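Peer 1: The sequence shown maps to residues 1 to 166 in the working numbering. Beta carbons: idealized from backbone N, C-alpha and C, even for Gly. It should be emphasised that the depicted structure is a prediction, and the values quoted were computed from it without experimental measurement. Have a look at this one before I ask anything.
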Amino acid sequence: MPLSAIVDWPTMNLLLDTNVLIDYLGRKEPFFANAERIVAAGFFGDATLWMAAQSPKDAFYVLERYIDSQRIQQALLKAYEIITPVALTADDLATAARLQWDDYEDCLVALAAQKARADYLITRDAKGFERSMVPALSPNEWLVLRERDGIIYDAVDLPPEEEVGP
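Written as structure tokens, this is what we have:
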């Protein structure tokens, strides 16, 4: 049961920027830990996680330089269980071109955040989203917000399986 069902904390809609997806899938340090915590919030139902539909393709392009293609695809399949892609239409693509942002890809991500009705766009490049209708926060900034509400996502060391049990 999500913590938000027990305590009066609203579930947040978060759209993850491509760079956060890369950090998570590629286990890129020092950013992986915060990306993993945000995915944990999605896993526990405390946040609904979204990504622009083109983000997996863009992440794959970056990650395939140093991670085996099959491993990336397996990681993507697992990510799709928690992070939902937001499809963009031809109209969305044209809108992004008309808006004339310096970074077309950032504009597409911002439009996906709007379509997902995201509360926040989670990115390590908030400056690239100054024109976004959805407020952009770094992974750390979002985690600090949750900590103020008394929610802390952190890694837990579990004993090896053979030690678990009655």
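Over what stretch of residues does the beta strand (DSSP E) that includes T120 continue unbroken?
Peer 2: Correcting the residue type first, residue 120 is Tyr in the shown sequence and not Thr. Segment 120-122, the beta strand (DSSP E) holding Y120.
Peer 1: What is the DSSP secondary structure of W142, reduced to helix, strand or coil?
Peer 2: Three-state result, W142: helix.
Peer 1: Bridge partners of L133, per DSSP?
Peer 2: The displayed chain sequence assigns Met, not Leu, to residue 133. DSSP output for M133 lists no bridge partner at all.
Peer 1: Counting C-beta neighbours from all protein chains within 10 Å, is the total for P56 16 or more, i.e. buried, or is it exposed?
Peer 2: Buried is the call here.
Peer 1: Could you check where the alpha helix (DSSP H) with T95 kicks off and where it finishes?
Peer 2: Taken as a continuous stretch (DSSP letters only), the alpha helix (DSSP H) holding T95 covers 90-99.
Peer 1: Going by beta-carbon coordinates alone, are L143 and R37 separated by less than 8 Å?
Peer 2: Yes, they are a contact pair.
Peer 1: Can you confirm whether the segment 46-66 touches the segment 97-109 when touching is taken to mean that 3 or more C-beta pairs between the two stretches lie within less than 8 Å?
Peer 2: At 8 Å Cβ cutoff, the stretches touch.
Peer 1: If we ignore side chains and look at the alpha-carbon of each, how far apart do R117 and T11 end up?
Peer 2: R117 and T11: Cα-Cα distance of roughly 12 Å.
Peer 1: Count the CB pairs spanning the segment 71-81 and the segment 119-131 that are closer than 8 Å, and state whether there are at least three.
Peer 2: Because the criterion of three Cβ pairs below 8 Å is not met, the segment 71-81 and the segment 119-131 do not touch.
Peer 1: Counting Cβ pairs closer than 8 Å, one from the segment 58-71 and one from the segment 90-98, do we hit at least three?
Peer 2: Because the criterion of three Cβ pairs below 8 Å is not met, the segment 58-71 and the segment 90-98 do not touch.
Peer 1: Apart from the five residues on each side of it in sequence, which residues of its chain come closer than 8 Å, Cβ to Cβ, to L137?
Peer 2: Y120, L121, I122, T123, A126, L145, listed in sequence order.
Peer 1: Reducing DSSP to helix, strand and coil, say where P85 ends up.
Peer 2: Three-state DSSP puts P85 in a strand.
Peer 1: Determine whether the beta carbon atoms of V134 and L15 lie at a separation below 8 Å.
Peer 2: A contact, by the Cβ cut-off of 8 Å.
Peer 1: L111 and A59 look like a contact to me (Cβ under 8 Å); what is the Cβ gap, rounded to whole Å?
Peer 2: Not a contact, Cβ separation roughly 18 Å.
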